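Notes follow the structure.
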Amino acid sequence: MKDSKTLYWIVTGLAAAFMLLASIPDVLQVPQAVSIFSHLGYPAYLLPFLGTAKTLGVVAMIVPSLQRLKEWAFAGLVFDLIGALYSHLSVGDPPNVWVLPVIGLALVSAAYLSYRRYASGERSPLVRISLSDTAHGPRATKTVRS
Numbered sequence: 089m090k091d092s093k094t095l096y097w098i099v100t101g102l103a104a105a106f107m108l109l110a111s112i113p114d115v116l117q118v119p120q121a122v123s124i125f126s127h128l129g130y131p132a133y134l135l136p137f138l139g140t141a142k143t144l145g146v147v148a149m150i151v152p153s154l155q156r157l158k159e160w161a162f163a164g165l166v167f168d169l170i171g172a173l174y175s176h177l178s179v180g181d182p183p184n185v186w187v188l189p190v191i192g193l194a195l196v197s198a199a200y201l202s203y204r205r206y207a208s209g210e211r212s213p214l215v216r217i218s219l220s221d222t223a224h225g226p227r228a229t230k231t232v233r234s
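Start counting the sequence shown at 89; every next residue gets the next number (the numbering used here).
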């Protein structure tokens with residue numbers, strides 16, 4: 089349990105830092121963020137909204153007591169990153185530009201998977217299920233991937 093908790097906090101901390109660093113320029117409407125947003129074809133007034141949403145998602149990711157909200161936050165951050173990746177690909181940006189959403193997507197996905205593993209108390213990806221039929225024969229075990 090301790091290993092999954094450590095992994096969860098390391099990966100979640102990296103994902104949270106990445107997303108927070110991506111949200112600050114949006115909230116502040118930094119000229120470079122506005123220029124990237126215009127290049128993608130979006131209006132600048134969406135920047136503070138998306139930046140605030142990302143910041144709130146990071147807060148929900150970090151605060152331990154927000155279990156149900158945490159699931160929504162992970163989903164929202166994934167939608168944001170998939171939208172960013174799609175937008176950059178749609179306008180023909182080179183890989184050095186769209187690699188950032190891919191890195192963010194990998195970090196947030198890893199954070200979510202480690203959260204699910206930590207929250208379930210699971211130690212191994214394999215779960216042993218015992219199927220027993222005491223009246224009709226021997227006990228059988230089956231290994232199922234979770």
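Just so it is clear, CB atoms sit at the ideal spot from N, CA and C, and this is done for glycine as well.
On a predicted model such as this, the values are computed, not experimentally measured, just so you know.
> With C-beta atoms as the reference, is Ala198 less than 8 Å away from Gly164?
Replying inline: Numbered from its first residue, the sequence shown carries residue 198 at position 110. Numbered from its first residue, the sequence shown carries residue 164 at position 76. No, they are not a contact pair.
Close Cβ partners of Ser111 (< 6 Å) along its chain, the five nearest in sequence each way excluded: Within the sequence shown, numbered from 1, the residue matching residue 111 stands at position 23. Its chain contains Gly139, Lys142 and Thr143 as the residues whose beta carbon lies nearer than 6 Å to that of Ser111, once the 5 sequence neighbours on both sides are disregarded; these appear in chain order.
Assess contact between the region 202-211 and the region 95-109, defined as three or more Cβ pairs (one per stretch) separated by less than 8 Å. Is contact present?
Between the region 202-211 and the region 95-109, the count of C-beta pairs closer than 8 Å reaches three or more; the two stretches touch.
> What is the DSSP secondary structure of Asp57, counted as helix, strand or coil?
Replying inline: No answer is possible for residue 57: the residues shown for the chain start at 89 and end at 234.
Applying the criterion that 16 or more other CB atoms from any shown protein chain within 10 Å of the CB defines a buried residue, is Lys158 buried or exposed? Locating residue 158 in the sequence shown gives position 70, counting from the first residue. Buried, by the Cβ-count rule.
- Tell me whether the beta-carbon of Leu188 lies closer than 8 Å to the beta-carbon of Leu102. For the purposes of this step, residue 188 is taken as the residue at position 100 of the sequence shown. For the purposes of this step, residue 102 is taken as the residue at position 14 of the sequence shown. No. Outside cutoff.
| query | Would DSSP call Gln117 helix, strand or coil? | reply | By one-based count along the sequence shown, residue 117 stands at place 29. Gln117: coil per DSSP, three-state reduction.
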